[in-house]
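Chains as they are written, first to last, in my numbering: chain C, 23 to 385; chain S, 23 to 385; chain W, 23 to 385; chain Z, 23 to 385. For every residue, glycine included, the Cβ atom is placed at its ideal position computed from N, Cα and C. Bear in mind the structure is a predicted one, so any value in this text is a computation, not a measurement. Below is one structure, written out as structure tokens, with a few remarks after it.
4 protein chains.
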Amino acid sequence: MAGNTFGQLFKISTFGESHGPAIGVIIDGCPAQLNIDLDFIQSELDKRKPGQSRITTQRKESDTVQVLSGIFEGKSTGTPIALLIPNEDHRSKDYEHNKDVYRPSHADYTYDAKYGFRDHRGGGRSSARETAARVAAGAIAKLLLKEQGIEIFAHVSAVGKINAPNLEDLNISELLELREENIVRCVDPATAKQMIECIDGIRKDGDTIGGKISCLIKNCPAGIGEPVFDKLHADLGKAMLSINAVHGFEYGSGFTGSEMRGSEHNDIFITDGETPRTITNFSGGIQGGISNGMEINFTVAFKPVATIMHNQQTVNAAGEASEIKGKGRHDPCVVPRAVVIVEAMAALVLADQLLRSKTNRVG
Amino acid sequence: MAGNTFGQLFKISTFGESHGPAIGVIIDGCPAQLNIDLDFIQSELDKRKPGQSRITTQRKESDTVQVLSGIFEGKSTGTPIALLIPNEDHRSKDYEHNKDVYRPSHADYTYDAKYGFRDHRGGGRSSARETAARVAAGAIAKLLLKEQGIEIFAHVSAVGKINAPNLEDLNISELLELREENIVRCVDPATAKQMIECIDGIRKDGDTIGGKISCLIKNCPAGIGEPVFDKLHADLGKAMLSINAVHGFEYGSGFTGSEMRGSEHNDIFITDGETPRTITNFSGGIQGGISNGMEINFTVAFKPVATIMHNQQTVNAAGEASEIKGKGRHDPCVVPRAVVIVEAMAALVLADQLLRSKTNRVG
Amino acid sequence: MAGNTFGQLFKISTFGESHGPAIGVIIDGCPAQLNIDLDFIQSELDKRKPGQSRITTQRKESDTVQVLSGIFEGKSTGTPIALLIPNEDHRSKDYEHNKDVYRPSHADYTYDAKYGFRDHRGGGRSSARETAARVAAGAIAKLLLKEQGIEIFAHVSAVGKINAPNLEDLNISELLELREENIVRCVDPATAKQMIECIDGIRKDGDTIGGKISCLIKNCPAGIGEPVFDKLHADLGKAMLSINAVHGFEYGSGFTGSEMRGSEHNDIFITDGETPRTITNFSGGIQGGISNGMEINFTVAFKPVATIMHNQQTVNAAGEASEIKGKGRHDPCVVPRAVVIVEAMAALVLADQLLRSKTNRVG
Amino acid sequence: MAGNTFGQLFKISTFGESHGPAIGVIIDGCPAQLNIDLDFIQSELDKRKPGQSRITTQRKESDTVQVLSGIFEGKSTGTPIALLIPNEDHRSKDYEHNKDVYRPSHADYTYDAKYGFRDHRGGGRSSARETAARVAAGAIAKLLLKEQGIEIFAHVSAVGKINAPNLEDLNISELLELREENIVRCVDPATAKQMIECIDGIRKDGDTIGGKISCLIKNCPAGIGEPVFDKLHADLGKAMLSINAVHGFEYGSGFTGSEMRGSEHNDIFITDGETPRTITNFSGGIQGGISNGMEINFTVAFKPVATIMHNQQTVNAAGEASEIKGKGRHDPCVVPRAVVIVEAMAALVLADQLLRSKTNRVG
């Protein structure tokens, strides 16, 4: 129960430290005969990889994925798919100077408290590098969902206090195109420009800034998600909160919904003769934990990255006051690279719940 | 994988519909030799039960808990603890009129979409009545945590747009006393008064209103929580999002943290010669998914209850436009009764992660 | 992880002690819209219940099953099915005299070693009474399997050294009819007669005797079972070994197969133009852990019941030499009542693996 | 739920096909600070590797293990340990000729029936090569158990009808020394000689033969194992039955116990003033599913290897009668190499149940 596995039927287990030989993931439960597009998996990893623009960390990793098992003649075999991503740029010595001090708002102290010692090279297992394995697995989940027409899209909806307007009703390829036109991955060009300027300034200050990512899921059929504990939004929430630096999650009306009255919040059903749909969507596409066929949407809040270029007071492993030097490579703002992580985790939840729904009824 | 089980080592499975003979819970994994105070369990249930004040639903249920197994001579035996809560006031006929129509923002339609039919009596399994079983199990989790000195406290921090000031640094018994002095369960008496007035007005309008509950956990030792997917706050988030009507979760700095800079958000470590502590607590007591020994805190957003006393347009199971009548019994605002549900779910997460931490290290 | 749950998708959790108010089971994951025949469930329980013939224990229990949830208008709803079986004849005082002594080959000592104390009334949780809950759940699994045409049959194939001839190739209803014609539940009337005489003698001696149960599963389609750890026969083996008093499990050629050559053991494939079948069936219907469409068969060995009517030397909880008195009620031979337990556990495994197979392939 | 994961707290997930680039395993849940002796892991793999003697398959694999994560400065870190074993001798073309025919008593047909196609190179995932990953993981489990003094030993107790005498009461290192003195891995030298002669003859015939392995576990403290479904022997049984070619499992008195009377089978407790022990050990060290402090023992039956050097009639994927040619490399008898697999699986069960027992009681 050490918590490196996610999902029930579409189940992934990740492994690897930021400065060991490799990180990777095993996917157990991918149905057989899924066409696996390796170029797509790599293109997803490329969106997360470090060094992709001036507003991300300058650490260099090609993040090239290798398939070890589970794919034969271009298709999943139904047996475990093992994917390996070798670590290339692991300058462990960059971290020697901080070996015994607890970096503020990192996991150094808590790992020591838990395990009695830790792999101190660059965060070890607590490094966000682990999320590359999730992105690789999430890419396969996306391929599975695409077979059912389900599509997932996320973009940066806020950097610091700069908020993007609500997404217009475009299709996923249009949204993707708009998003990839700028390095901050915000669909709205004007907001993107402001965000990039903000991050440029933050970087020059040797500081970091938080942000938000909004995600939507299109064409999810009604009936996905389990009632009670494994509600679809509860699984999505856990998935998002398991991403490094995430401090908040809301879906549908979210925190604003807590200020509303039932008479304005209720989503009234209408029908065009076929399946019911709702006029408003404060429910965020989920009612009673189960998808209702409307667009699913949620927002994730990221705290600022803890590694900054300032010297900071702290405590060392011996319990003495100490100072940590501001050096190394880091992201001034994590959200542009995290967009694809949010999508990957959403895809993993949806793929899992989709498979779980296959046994809802007899026959 | 039908999702009625929560937890890995301290594991609960709930069952029962709102209008069947009973609801209940099995706790599998409670360590042996825990002193079980049945009066405490009942007192927790009393805080959730309907009809306890004028601002809650007038449905009458004594919610008397019965022990079926797992407790012998006042102690847990290590075998499954089964707790039963008979349903008393199940006027199923109250729901006959709505049998074939989909109540807006309820789970009627999604259950039908998932299962092909449903137990339509009062929400069946999707009814918040299910949470009584969680409260009973959570009470036992609290008893287990108390043996380690860990205490959990929640109160109503917002009703609609009325927000309570931040909690003062009182101990848990002082906070509990303040909270139970008013029917809305907000620690601040002045805010509580405003909240009650607000709810009174809402009730007279036949309407409902959302709100927020804030929770804190004291004396959690450092080292609790698993890295990667089962981060302590990810498990807390899932637990909270699994409660009916919850639309958002944030911990520590939460959504506000996404607007901050790293230099202001980082929690600087200090020490008095013993264990490290932090000056600020934007981390909410959790770093890298693992408790750091500071107070854990989080906030949960509840949407307004969907049952209102207004007639509403909707669609029926045959796909025809229909109208739903505004009658029945309901809560104008769910948060006063939900305080103990939030505490129960937090206790279940902590008890589970506490047991999981027993195998962190050899020896 | 306290081990009171069985199955992954068709998942049961049992609870209850032999001398508490009730035992019971929650089934989570039964697909919706299964027709639930309560009379069938009760008739299965009747085959396990004590006091049904002179060769079983004379303890009297009607074992009447109550439905608490998950069934609505005669069908499963997809939510947890909770079944309760009240304990009627719990003469706890029968056990007072043995409260502090460890009964030989019972679980008294090991429960104390594990938990530090135990519910000593009649074996508590270690009592075979717990298997009534399995039979109730297994009956529902059988109903699910029957929808797919899968049928399960077990009978007593040995009492002590008296072995029945191999089963003739009859259909399940014929086998059932033959089996229920005698109180020992052996299909072969001549062997049954010998077995009953043997048990009668054993009972008069105040002693007990072991035996074997053989089980077959008809019409299981090819492709059921997971490779590697959750092989179909591995799950069946675990299921059987979890039944009280079971000391051995073999399938197909079993222990005898270990003495054979590959050239005689290999099951040669033939075909009549449709699906492949094999001439012999040393594989017991399972190859590589996956059903091959042939009849599945296995045998289970039960040790003699530990409760005998002789005084025995033993040790008490204080570590002193002690004596245990031979009194109380017991089964001279457990296999006649265990036939339906074997079937129930087999049905639970098959139902679980059948549901798991629903996600083998895309589409 | 695709079944490539084993264990609850000490949890392994294996991956890889016999003819892909590598096989491997992730261990999630190994406690931190365990000293990891890589030479020991390799020496265990060497006992399983092909080509080690004239009575094993002549396929050449060095089975060199690589550590990808989870070990730092010689100790487990508490995070996932990933071990990789590259495949070296994968002459896939050896299998081209059998690509479309179903080898008798292999998993070719059942994989096709389950997944619609398969990786046909050398058995793919159904190959016993997968067990190398188990041996590597089992070696780490053994290191964990050794810290508690628990030791595991298995040897070949039968080849065909040649049975070894019962093990004399030697300590584990004496037994190991005796066992490794001959290539068939039977402790008794005279029997070993007969067994080797038998296998030599079988090999010359191009045939194969079954056998049995007996295993004992010393110094397991009382109290390990969970009652009801996860009984210690049920977990051991499942573990053994999940090994390729295993058709039977018995513990303690086993199948012979089913012929005994209670008065002879009951293990009478005695005491020397300290903990109780039993005079006989028909219980095999386990009572009510929980270890009682006595030696644990069990026996596993292996069918003969299905690959033989004879031509055999069969059916192909098109449903036509076909013939399979007797060529390739294979083991004439699998048990000498399987001894260490049995030990590994036993170690994984014990390590898992040992960790599970850490939360039996409060405090």
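Considering only S:T293, S:V322, S:M331, the residue with the shortest C-alpha distance to M316 (chain S) is S:T293. Residue contact check for R359 (chain Z) against chain S: no CB pair falls below 8 Å. In summary, P211 (chain W) is exposed, with fewer than 16 beta-carbon neighbours lying within 10 Å of its beta-carbon over all protein chains present. Annotation: N338 (chain S) has no Cβ neighbours in chain Z at a cutoff of 7 Å; minimum Cβ distance is about 37 Å.
If you look at R299 (chain C), you'll find it in the beta strand (DSSP E) that goes 298-300. If you check the CB distance, I63 (chain C) and P102 (chain C) do not come in under 8 Å. W:S280 is the residue among W:D257, W:R207, W:S280, W:M217 whose C-alpha sits nearest the C-alpha of I231 (chain Z). For the stretch 167-182 of chain Z, the residues whose beta carbon sits under 7 Å from a beta carbon of chain S are, in order, E169. Around P354 (chain S), no beta-carbon contact reaches into chain W at under 8 Å, the shortest distance being about 28 Å.
Taken in chain order, the members of the stretch 132-144 of chain Z whose beta-carbon sits within less than 9 Å of a beta-carbon on chain C are Y133, K136, Y137, G138, F139, R140, D141, H142, R143.
Taking 9 Å as the Cβ-Cβ cut-off, the stretch 221-244 of chain C approaches chain S at I224, D227, G228, D229, T230, I231, G232, G233, K234, P243, A244, given in chain order. For S65 (chain Z), the enclosing alpha helix (DSSP H) covers residues 60-70. Residues of the stretch 72-102 of chain W with a C-beta less than 8 Å from any C-beta of chain Z: none at all.
C-alpha of D222 (chain C) to C-alpha of L263 (chain S): approximately 36 Å in a straight line. If you check the CB distance, S305 (chain C) and S127 (chain S) come in under 8 Å. If you check each beta-carbon in the stretch 367-380 of chain W against every beta-carbon of chain C, the ones closer than 7 Å belong to L377, K380. From the beta-carbon of Q55 (chain S), the residues of chain W found nearer than 9 Å are Y137, G138, F139.
Nearest CB-CB separation between A129 (chain S) and chain C: below the 8 Å threshold. Residue-level contact check: P126 (chain Z) does not touch chain C, since none of the beta carbons of chain C fall below 8 Å from its beta carbon. For N26 (chain Z), there are no C-beta contacts with chain S under 9 Å, since the nearest C-beta of that chain is about 17 Å from it. Pairwise C-beta distances place the stretch 143-161 of chain S out of contact with the stretch 197-212 of chain S, as fewer than three of them are shorter than 8 Å. Collapsing the DSSP output to three states places P358 (chain Z) in a helix.
Here G96 (chain C) is not near I34 (chain C), since their CB atoms are 8 Å or more apart.
The continuous beta strand (DSSP E) containing V47 (chain C) extends over residues 44-50. Contact of P249 (chain S) with chain Z by beta-carbon distance below 8 Å involves T101. Each residue's CA atom was taken as its position, placing G38 (chain C) and R140 (chain C) some 13 Å apart. Put simply, the CB of V384 (chain S) is near chain Z, with a gap under 8 Å to one of its CB atoms. The C-beta separation of Q30 (chain W) from R378 (chain W) comes to about 6 Å, placing the pair in contact by the 8 Å criterion. Residue contact check for L31 (chain C) against chain W: a CB pair falls below 8 Å.
Among the CB atoms of chain S, none fall inside 8 Å of the CB of R156 (chain W).
Rounded to whole angstroms, the gap between the alpha carbons of S91 (chain S) and M331 (chain Z) is 59 Å. Excluding residues up to 5 positions away in sequence, K97, S98, I162, L165, L166, E169 lie with their Cβ nearer than 8 Å to the Cβ of L56 (chain Z) in the same chain.
Distances from the alpha-carbon of D134 (chain C) to those of S:F277, S:Y124, S:A244, S:D252 put S:A244 closest.
Of all C-beta pairs linking the stretch 64-79 of chain S to the stretch 351-359 of chain S, three or more are shorter than 8 Å, placing the two stretches in contact. Under the Cβ distance rule, R151 (chain S) does not count among the residues neighbouring chain W, no pair being separated by less than 8 Å.
Here DSSP, grouped into helix, strand and coil, assigns C237 (chain Z) to strand.
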